[in-house]
Amino acid sequence: MTVEANPLAETPRSALSQAEERWRLTLDHSPLGMALVSPAGAFLRVNPALCEIVGHSAEILIGLTFQDITHPEDLEMDLALVDECLLGQRTSYRLLKRYLHADGRQVWVEISVALVRDEDDVPLHFVVHVEDVGEQMVAQAQVQALVSELAARTAELQRSNGELEHFAAVASHDLRSPLSVISGYLELLAADHGDTLDARGRGYLDRAQDAAGRMMGLLDALLGYARLDGDVLRRSPVDIDLLLDEVLADLSADACQLAAHVVRRIAPGGLHADPELVRQLLQNLVANAVKYRAPERALEILVELEPSGGDWCLSVVDNGRGIAPDLIERAFDMFTRDEADPTPGAGIGLATCRRIVARHGGRIWAEPVVGGGTAVRCLLPGRRVLA
Amino acid sequence: MRVLVVDDDPDLSLLMEIFLTRRGHEVLLASDGRDGLDVLGREGVDLVVLDWMMPTLDGIAMTRAIRADPRVRHLPLLMVTARHDHGEAVAAGVDEVLGKPFTGTVLVATVEDLGGRSLPTGASA
Numbered sequence: 001m002t003v004e005a006n007p008l009a010e011t012p013r014s015a016l017s018q019a020e021e022r023w024r025l026t027l028d029h030s031p032l033g034m035a036l037v038s039p040a041g042a043f044l045r046v047n048p049a050l051c052e053i054v055g056h057s058a059e060i061l062i063g064l065t066f067q068d069i070t071h072p073e074d075l076e077m078d079l080a081l082v083d084e085c086l087l088g089q090r091t092s093y094r095l096l097k098r099y100l101h102a103d104g105r106q107v108w109v110e111i112s113v114a115l116v117r118d119e120d121d122v123p124l125h126f127v128v129h130v131e132d133v134g135e136q137m138v139a140q141a142q143v144q145a146l147v148s149e150l151a152a153r154t155a156e157l158q159r160s161n162g163e164l165e166h167f168a169a170v171a172s173h174d175l176r177s178p179l180s181v182i183s184g185y186l187e188l189l190a191a192d193h194g195d196t197l198d199a200r201g202r203g204y205l206d207r208a209q210d211a212a213g214r215m216m217g218l219l220d221a222l223l224g225y226a227r228l229d230g231d232v233l234r235r236s237p238v239d240i241d242l243l244l245d246e247v248l249a250d251l252s253a254d255a256c257q258l259a260a261h262v263v264r265r266i267a268p269g270g271l272h273a274d275p276e277l278v279r280q281l282l283q284n285l286v287a288n289a290v291k292y293r294a295p296e297r298a299l300e301i302l303v304e305l306e307p308s309g310g311d312w313c314l315s316v317v318d319n320g321r322g323i324a325p326d327l328i329e330r331a332f333d334m335f336t337r338d339e340a341d342p343t344p345g346a347g348i349g350l351a352t353c354r355r356i357v358a359r360h361g362g363r364i365w366a367e368p369v370v371g372g373g374t375a376v377r378c379l380l381p382g383r384r385v386l387a
Numbered sequence: 388m389r390v391l392v393v394d395d396d397p398d399l400s401l402l403m404e405i406f407l408t409r410r411g412h413e414v415l416l417a418s419d420g421r422d423g424l425d426v427l428g429r430e431g432v433d434l435v436v437l438d439w440m441m442p443t444l445d446g447i448a449m450t451r452a453i454r455a456d457p458r459v460r461h462l463p464l465l466m467v468t469a470r471h472d473h474g475e476a477v478a479a480g481v482d483e484v485l486g487k488p489f490t491g492t493v494l495v496a497t498v499e500d501l502g503g504r505s506l507p508t509g510a511s512a
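Keeping their order, the protein sequence lines are chains A and B. Take 1 as the starting number for the first sequence in the numbering used here and just add one per residue. Take 388 as the starting number for the second sequence in the numbering used here and just add one per residue.
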């Protein structure tokens, strides 16, 4: 029930107009807290919803001012806005603030306040609507906490990525120098004393030189993999033919001889990607096709680029030994390699490919080829036209 | 040729010295860029092989110092490095970059090619 302070309750109840009765009913049943407040801040009239919000009975609230129940930290702002209304600088305001509940806890509310003046422009009272936004604030705080946590985790991830890249660069550099020394002295040993070694001794030397060479390849691959995340993706039109020429030249001293085994089926125009990364992708895939060729038949490699919906499918298909069926799912995981296959490899190449494709927002998979061989297909998103 | 080899790794310096002296070149050694510039100040050399990452004065700074000095700016410079960003070295003024690790054969071939380019008369070997 609405309780009124004396100044507004002078009229005998029997004489209340219907309008006044409707106003009282509205106050009593409004889900929003409502109050009339004197220019000095005293509650003149309050409704049950406001009593519920602040935990005071109407009788007690009528004896208080809004200053009494406003959180001290929020009071200054509220009073400043009240003054602006009284000085005629504004007629109303909204404010997010805290009340102090009767039980001592703070209650977040959003208040809408309008000043009512009489015919002579003298301030009569404020009409105040009060909405309990505690749940909203809790939800907002939770969202804020989640956003902060996400930001912290992203920063942590970026930091650890940066560290990984830095580690890979340092490791690659610092390991490369002693490796230079090892392979250099092995080279000297072979050149100067190779003749004096027996077959077994030369065998040891060959193994040591092979291992040094493999270690070099491993360092390069690790560094290349770690770098993938750091660099910015630089998309531009990609000329697969040109990249393929470069890759073949890199892979073989006799690029023409290797090129004779490569069939190209390149659909014109359209692939929009980071050319350096696509070059690495092609390099890894073609190198694998060469490395895992089937000794019993002539090497054939098909490099194909074709449109697929709005996207592009880049495939490297070979007639080699193929990927063991139990490995085909895991072939793109780091350090996965076929232990039964004596061909040296670190298991980084296809992991690098997957990372490159993923960075372009695409996917990569391998399929067995009938008659032997592997088709590695990369679906790379086409250029999106933004409206 | 008289070659100055500047590298802070004594094992690698010795290795390069062996590779080059076996081919009849004379080798002077310096352990960092500052030491290398000192040697250049008092000895005449035909070519400089220098590492990139070195204490006190690195290979890039040494390259810039050489290119700014009229007495030695003409010297052919070969950088040997484990770093990948060779473009920066070339921009600083080196003539060739050799990635680590390199074979002795490649080192000698590169040095002789570079020295031959700047000494068309083939005055020394």
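C-beta atoms are modelled at their ideal positions from N, C-alpha and C, and glycine is treated no differently.
In terms of residues, what are the limits of the alpha helix (DSSP H) holding residue i?
{"i": "I405 of chain B", "result": "P397 to R409"}
{"i": "D318 of chain A", "result": "Element bounds for D318 of chain A: not the alpha helix (DSSP H) but the beta strand (DSSP E), D311 to D318."}
{"i": "A199 of chain A", "result": "A199 to R227"}
{"i": "K291 of chain A", "result": "P275 to K291"}
{"i": "D28 of chain A", "result": "Q18 to H29"}
{"i": "V477 of chain B", "result": "H473 to A479"}
{"i": "L251 of chain A", "result": "I240 to L251"}
{"i": "I348 of chain A", "result": "No alpha helix (DSSP H) holds I348 of chain A; DSSP gives it neither H nor E."}
{"i": "T196 of chain A", "result": "Note, T196 of chain A: premise wrong, no alpha helix (DSSP H); not H, not E."}
{"i": "M449 of chain B", "result": "G446 to A455"}
Residues of chain A with a CB under 9 Å from the CB of residue i: which are they?
{"i": "P442 of chain B", "result": "Chain A residues near P442 of chain B: none, gap ~14 Å exceeds 9 Å."}
{"i": "G491 of chain B", "result": "G184, E187, L188 and A191"}
Just to confirm the assignment, what range does the beta strand (DSSP E) spanning residue i have?
{"i": "Q106 of chain A", "result": "Q106 to R117"}
{"i": "M132 of chain A", "result": "The displayed chain sequence assigns Asp, not Met, to residue 132 of chain A. P123 to D132 is the extent of the beta strand (DSSP E) around D132 of chain A."}
{"i": "A35 of chain A", "result": "G33 to V37"}
{"i": "R470 of chain B", "result": "Looking at the DSSP string, R470 of chain B is not in any beta strand (DSSP E), and its letter there is neither H nor E."}
{"i": "E296 of chain A", "result": "Neither: E296 of chain A is in no beta strand (DSSP E) and is coded neither H nor E."}
{"i": "V393 of chain B", "result": "R389 to V393"}
{"i": "R363 of chain A", "result": "R363 to P368"}
{"i": "A417 of chain B", "result": "E413 to A417"}
{"i": "L81 of chain A", "result": "Premise fails: L81 of chain A lies in the alpha helix (DSSP H), P72 to L86, not in any beta strand (DSSP E)."}
{"i": "G485 of chain B", "result": "Per the sequence shown, residue 485 of chain B should be read as Leu rather than Gly. That run of the beta strand (DSSP E) goes E483 to G486."}
Put residue i into one of helix, strand or coil per three-state DSSP.
{"i": "A387 of chain A", "result": "Because A387 of chain A carries a pLDDT of 37, less than 50, the predicted location of this residue cannot be relied on, and no value is offered for it."}
{"i": "L380 of chain A", "result": "strand"}
{"i": "R235 of chain A", "result": "coil"}
{"i": "G162 of chain A", "result": "helix"}
{"i": "W439 of chain B", "result": "coil"}
{"i": "R550 of chain B", "result": "Since the first residue shown for chain B is 388 and the last is 512, residue 550 of chain B is missing from the structure and cannot be characterised."}
{"i": "T65 of chain A", "result": "strand"}
{"i": "V266 of chain A", "result": "Note that residue 266 of chain A is Ile in the sequence shown here, rather than Val. In this structure, I266 of chain A counts as strand in the three-state DSSP scheme."}
{"i": "S148 of chain A", "result": "helix"}
{"i": "E329 of chain A", "result": "coil"}
{"i": "G41 of chain A", "result": "coil"}
{"i": "E300 of chain A", "result": "coil"}
{"i": "A102 of chain A", "result": "coil"}
{"i": "V138 of chain A", "result": "helix"}
{"i": "R359 of chain A", "result": "helix"}
{"i": "W261 of chain A", "result": "Looking at the sequence shown, residue 261 of chain A is not Trp but His. Looking at H261 of chain A - three-state DSSP - the assignment turns out to be coil, as it is neither helix nor strand."}
{"i": "A340 of chain A", "result": "coil"}
{"i": "H56 of chain A", "result": "coil"}
{"i": "A374 of chain A", "result": "Checking the sequence, you will find Thr at residue 374 of chain A rather than Ala. Here T374 of chain A sits in strand by DSSP."}
{"i": "H173 of chain A", "result": "helix"}
{"i": "R90 of chain A", "result": "coil"}
{"i": "P178 of chain A", "result": "helix"}
What does residue i reach in chain B if we use C-beta pairs closer than 8 Å?
{"i": "H173 of chain A", "result": "M440, A469 and R470"}
Using the beta-carbon of each residue, which ones in chain A are nearer than 8 Å to residue i?
{"i": "V402 of chain B", "result": "It should be pointed out that residue 402 of chain B corresponds to Leu in this sequence rather than to Val. S180, V181, G184, Y185 and L188, listed in chain order."}
{"i": "M405 of chain B", "result": "Note that residue 405 of chain B corresponds to Ile in the displayed sequence, not to Met. Neighbours of I405 of chain B on chain A, chain order: L188."}
List the residues of chain B whose Cβ lies closer than 7 Å to the Cβ of residue i, in chain order.
{"i": "R176 of chain A", "result": "A469, K487 and P488"}
{"i": "M216 of chain A", "result": "P488"}
In chain A, what lies closer than 7 Å to residue i by C-beta?
{"i": "D398 of chain B", "result": "V181"}
Should residue i be counted as a contact of the ligand HEM given a C-beta to heavy atom distance under 6 Å?
{"i": "R293 of chain A", "result": "Ligands displayed in this structure: none; no statement on the ligand HEM is therefore possible."}
Between the segment 279 to 298 of chain A and the segment 325 to 333 of chain A, do at least 3 Cβ pairs fall closer than 8 Å?
no
Report yes or no: do the segment 198 to 205 of chain A and the segment 219 to 229 of chain A share at least 3 C-beta pairs separated by less than 8 Å?
By the Cβ criterion, the segment 198 to 205 of chain A is not in contact with the segment 219 to 229 of chain A, since fewer than three pairs of Cβ atoms, one from each stretch, lie closer than 8 Å.
Report yes or no: do three or more beta-carbon pairs, one from the segment 246 to 253 of chain A and one from the segment 178 to 198 of chain A, lie closer than 8 Å?
no
Within the chosen definition, does the segment 363 to 381 of chain A reach the segment 389 to 402 of chain B through at least 3 CB pairs nearer than 8 Å?
no
So does the segment 145 to 153 of chain A actually touch the segment 169 to 179 of chain A, counting three or more Cβ pairs closer than 8 Å?
no
Three or more C-beta pairs below 8 Å linking the segment 354 to 363 of chain A and the segment 271 to 281 of chain A
yes
Touch check for the segment 128 to 143 of chain A and the segment 426 to 435 of chain B: three-plus C-beta pairs under 8 Å?
no
Using 8 Å as the cut-off, can you tell me whether the segment 48 to 57 of chain A makes contact with the segment 23 to 39 of chain A, which would need three or more C-beta pairs spanning the two stretches below that distance?
yes
When the Cβ atoms of the segment 414 to 432 of chain B are set against those of the segment 466 to 479 of chain B, are three or more pairs found closer than 8 Å?
no
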